[in-house]
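In my numbering, the protein residues as written are 2 to 561.
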């Protein structure tokens, strides 16, 4: 996903011998010296300038070719002291038109981005003539392949700041979107529309991925165009600290998947999963996704992750303002200048940074760790996800308790949980009980960790505490609502809207039902009443040729 939400400043490498990476302007960083923070050894001195994503024309000026040691040093440069640890939250949501509920097109998204830039002083990010995102300080807004709207938040110190950032973003988006007749839906998988109905964003890297995905899995295009997630990015102080957090994160990721499961519908009907989004990753591209068993090997560290990433097939490189298709090729060959599509071209650290973003395990290592197992959801749960992981991983006592609790979990058990929770959630059998009982312990550890932080942050766990108390996941709540509302996924969209919009759509739904009944019994197909013409379509009633629901509901507000 987006490269934003970098944790802390790039000049904060916790290695006393060096000055690390320093930020240059909003999108550049200077690489002065690579150091293995765990071993404290210097690797070698070089002067390069690296551009942040999206790639720029002059991405890097390097004195000499990169080596494997440089790639290891890039990861280890993320080490920083505990006082500099930060919280970065990223979340995605689906935009939809109030009237038709259809996904918003790129042209609408572009207008929304321009509106945000003008009204709230965001800097526009362009790819050619197309606006593809926004930047403001250390925050960025970007577009996923199907137009999913993503905020990559700034690195922040407390959960209060994180939740305030979420609220500010939703306020800004709502203020512009409501005038356009657009709402946003927080859910893990597009509940109504088929793949063919989803617009394609004009980003070069996505075209390459779209052509490649069907070659390596059956669900890759669904991942690109029909999923939304929320993730949190967290720091580490050393290689050993990274390893401990990586292992704890992987072991508990299935519990996070269950707690945040929120994608039970496909094309208007229950799909048999509580987390369709998580299921999709099982057949997207297994060369770059999954539970990474090697992280639990005694030999694991920065070097082993680099070796793994070197052999993950590439997607592209960016040169002369163009994306070059490198699908299926190895970064290891790139390091040797042996890419068939770019013979003799050598990689830069910017290439390496971009390559790391195309690897999609349940926990991902860059210069920080990303917890990636949760479905997208409403704002309360956007704040709950970082609360869960901060409480577990940023407190030494809770982290050690997690490691002790999961120490004897086997690879087969971890994978079993990953496979089962997408269907059975907290009701998944585990050893002599249910996963719900393990989740109770996990929430307790997270709460204790937050209490010891001293920022009065435990309230952000309330939404998860309720899920664990009842054992009912968000997806199961949506299924209950679906059946109670006459088996209509419209209710999913209406849950994200204000009372006024719900009443408006409810009235027109009743009208639609009435006219449809009359149509079925053969009494009316198209009629005039008081000079008003009604026409029935599968998704909306139109009034004198205009979408009545859309026209009325534009007066009201939907929340993300």
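Even glycine gets a Cβ: it sits at the ideal position worked out from N, Cα and C. Because the structure is a prediction, the values reported are computed rather than measured.
Can you tell me the Cβ-Cβ gap for residue 258 and residue 434, rounded? I've got them flagged as a contact below 8 Å.
-> Here residue 258 corresponds to residue number 257 of the chain shown, with the count starting at 1. Here residue 434 corresponds to residue number 433 of the chain shown, with the count starting at 1. Between residue 434 and residue 258 the Cβ distance is about 18 Å, and since that is not below 8 Å, they are no contact.
So what does residue 362 bridge to, in DSSP terms?
-> Within the chain shown, numbered from 1, the residue matching residue 362 stands at position 361. For residue 362, which the question treats as bridged, DSSP gives the partners 291.
Within its chain, find whatever has a CB closer than 8 Å to the CB of residue 525; leave out the 5 residues flanking it on each side and keep chain order.
-> Translated into the one-based positions of the chain shown, residue 525 becomes position 524. Per-residue confidence for residue 525 stands at a pLDDT of 47, beneath the threshold of 50, marking its modelled position as unreliable; the derived number appears in the next sentence. Excluding sequence neighbours, residue 525 sits near 516 and 519.
Could you name the residues of the same chain whose beta carbon sits closer than 6 Å to that of residue 55, not counting the 5 residues immediately before and after it, in chain order?
-> Start at 1 with the first residue of the chain shown, and residue 55 comes out as number 54. Only weak support exists for where residue 55 lies, its pLDDT of 47 falling under 50; the value from the coordinates is given anyway. Same-chain partners within the cutoff: there are none.
Taking the alpha-carbon positions, what's the residue 277 to residue 263 distance?
-> Stepping through the chain shown from its first residue, residue 277 is reached at position 276. Stepping through the chain shown from its first residue, residue 263 is reached at position 262. When rounded, the distance between both Cα atoms is 8 Å.
Determine contact between the region 235–249 and the region 443–456, defined as no fewer than three beta-carbon pairs at a distance below 8 Å.
-> no
Indicate whether the contact test is met: 3 or more Cβ pairs, each with one atom in the region 296–313 and one in the region 397–406, closer than 8 Å.
-> no
Three-state secondary structure (DSSP) at residue 246?
-> The residue given as residue 246 occupies position 245 in the chain shown. Here residue 246 sits in helix by DSSP.
With residue 336 as the anchor, note down where its alpha helix (DSSP H) starts and where it stops.
-> Sequence index remark: in the chain shown, residue 336 carries index 335 (1-based). Unbroken alpha helix (DSSP H) run through residue 336: 332–336.
Residue 445: first and last residue of the uninterrupted alpha helix (DSSP H) it sits in = Numbered from its first residue, the chain shown carries residue 445 at position 444. Note, residue 445: alpha helix (DSSP H), 436–454.
Exposed or buried, what is residue 447 when buried is set at 16 or more other beta-carbons lying within 10 Å of its beta-carbon?
-> As a first step, residue 447 must be located in the chain shown, where it is residue number 446. It counts as buried.
In three-state terms, what does DSSP make of residue 83?
-> Position 82 of the chain shown, counted from the start, is the residue given in the question as residue 83. If DSSP states are grouped into helix, strand and coil, residue 83 belongs with the helices.
Are residue 338 and residue 314 closer than 8 Å when you measure CB to CB?
-> The residue you call residue 338 lines up with position 337 of the chain shown. The residue you call residue 314 lines up with position 313 of the chain shown. Their beta carbons are not under 8 Å apart, which means residue 338 does not touch residue 314 by this criterion.
Note down, one range per segment and in chain order, each alpha helix (DSSP H) of at least 4 residues found wholly within the region 138–210.
-> 160–178
Report the partner residues of residue 264 according to the DSSP bridge assignment.
-> The count along the chain shown starts at 1 and reaches residue 264 at position 263. Residue 264 is bridged to 276.
Leaving out the 5 sequence neighbours to the left and right, which residues in its chain are closer than 6 Å to residue 224 when beta-carbon positions are compared?
-> Within the chain shown, the letter at position 223 stands for residue 224. 281 and 285, listed in sequence order.
So residue 511 packs on residue 493, CB below 8 Å; how close in whole Å?
-> Stepping through the chain shown from its first residue, residue 511 is reached at position 510. Stepping through the chain shown from its first residue, residue 493 is reached at position 492. About 19 Å separates the two Cβ atoms, so there is no contact after all.
Hey, residue 91 and residue 145 are a contact pair by Cβ (cut 8 Å); roughly how many whole angstroms apart?
-> Along the chain shown, one-based indexing puts residue 91 at 90. Along the chain shown, one-based indexing puts residue 145 at 144. About 11 Å separates the two Cβ atoms, so there is no contact after all.
Note the first and the last residue of the continuous beta strand (DSSP E) segment covering residue 318.
-> Taking the first residue of the chain shown as position 1, residue 318 is located at position 317. Segment 317–320, the beta strand (DSSP E) holding residue 318.
Closest Cα partner of residue 71 within the set 356, 377, 431 and 350 = The residue labelled residue 71 in the question sits at position 70 within the chain shown. It is 350 whose Cα lies nearest to the Cα of residue 71.
Which residues in the same chain as residue 335 place their Cβ atom closer than 6 Å to its Cβ, once the five residues preceding and following it in sequence are excluded?
-> Residue numbering aside, residue 335 sits at position 334 when the chain shown is read from its first letter. Answer for residue 335: 348, listed in chain order.
Would DSSP call residue 375 helix, strand or coil?
-> Along the chain shown, read from residue 1 onward, the residue named residue 375 stands at position 374. Note: residue 375 maps to strand in three-state DSSP.
Would you kindly check if the distance between the Cβ of residue 384 and the Cβ of residue 229 is under 8 Å?
-> By one-based count along the chain shown, residue 229 stands at place 228. By one-based count along the chain shown, residue 384 stands at place 383. Not in contact: residue 229 and residue 384 (Cβ atoms no closer than 8 Å).
DSSP on residue 237, reduced to helix/strand/coil?
-> Taking the chain shown and counting its residues from 1, one reaches residue 237 at position 236. If DSSP states are grouped into helix, strand and coil, residue 237 belongs with coil.
Residue 367 lies in the beta strand (DSSP E); which residues open and close that run?
-> Within the chain shown, residue 367 is the residue found at index 366, counting from 1. Where residue 367 is concerned, there is no enclosing beta strand (DSSP E), given that its DSSP letter is neither H nor E.
Name the one or two DSSP bridge partners that residue 135 has.
-> In the chain shown, the residue the question calls residue 135 occupies position 134. Paired residues: 125 and 142.
Determine the burial state of residue 94: buried for a count of at least 16 other Cβ atoms within 10 Å of its Cβ, exposed for fewer.
-> Taking the chain shown and counting its residues from 1, one reaches residue 94 at position 93. Residue 94 is buried by the Cβ-count criterion.
Could you tell me whether the region 407–425 touches the region 178–187, where touching means 3 or more Cβ pairs closer than 8 Å?
-> no
Nearest-angstrom Cα distance between residue 265 and residue 490?
-> Your numbering for residue 265 matches position 264 in the chain shown. Your numbering for residue 490 matches position 489 in the chain shown. Approximately 11 Å between the Cα atoms of the pair.
Exposed or buried, what is residue 139 when buried is set at 16 or more other beta-carbons lying within 10 Å of its beta-carbon?
-> As a first step, residue 139 is located in the chain shown; it is residue number 138 there, counting from the start. Answer is buried; the Cβ neighbour count reaches 16.
Along the chain, where does the beta strand (DSSP E) that runs through residue 88 open and close?
-> As a working mapping, residue 88 is identified with position 87 in the chain shown. That run of the beta strand (DSSP E) goes 88–98.
State the CB to CB distance for the pair residue 292 and residue 251, rounded to an integer number of angstroms; the pair is presumed to be in contact (CB under 8 Å).
-> Walking along the chain shown from the start, residue 292 turns up at place 291. Walking along the chain shown from the start, residue 251 turns up at place 250. With 8 Å as the limit, residue 292 and residue 251 qualify as a contact, their Cβ atoms being about 6 Å apart.
With 16 as the cutoff for other CB atoms within 10 Å, does residue 429 come out buried or exposed?
-> By one-based count along the chain shown, residue 429 stands at place 428. Burial call: buried.
Status (buried if at least 16 other CB within 10 Å, exposed otherwise) for residue 437 | By one-based count along the chain shown, residue 437 stands at place 436. Classification for residue 437: buried.
Go ahead and pull the three-state DSSP assignment for residue 270.
-> Position 269 of the chain shown, counted from the first residue, corresponds to residue 270. The answer is strand: DSSP assigns residue 270 an E or B state.
Could you tell me which of 304, 391, 254 and 332 sits nearest to residue 157, measuring between CA atoms?
-> The residue you call residue 157 lines up with position 156 of the chain shown. It is 391 whose Cα lies nearest to the Cα of residue 157.
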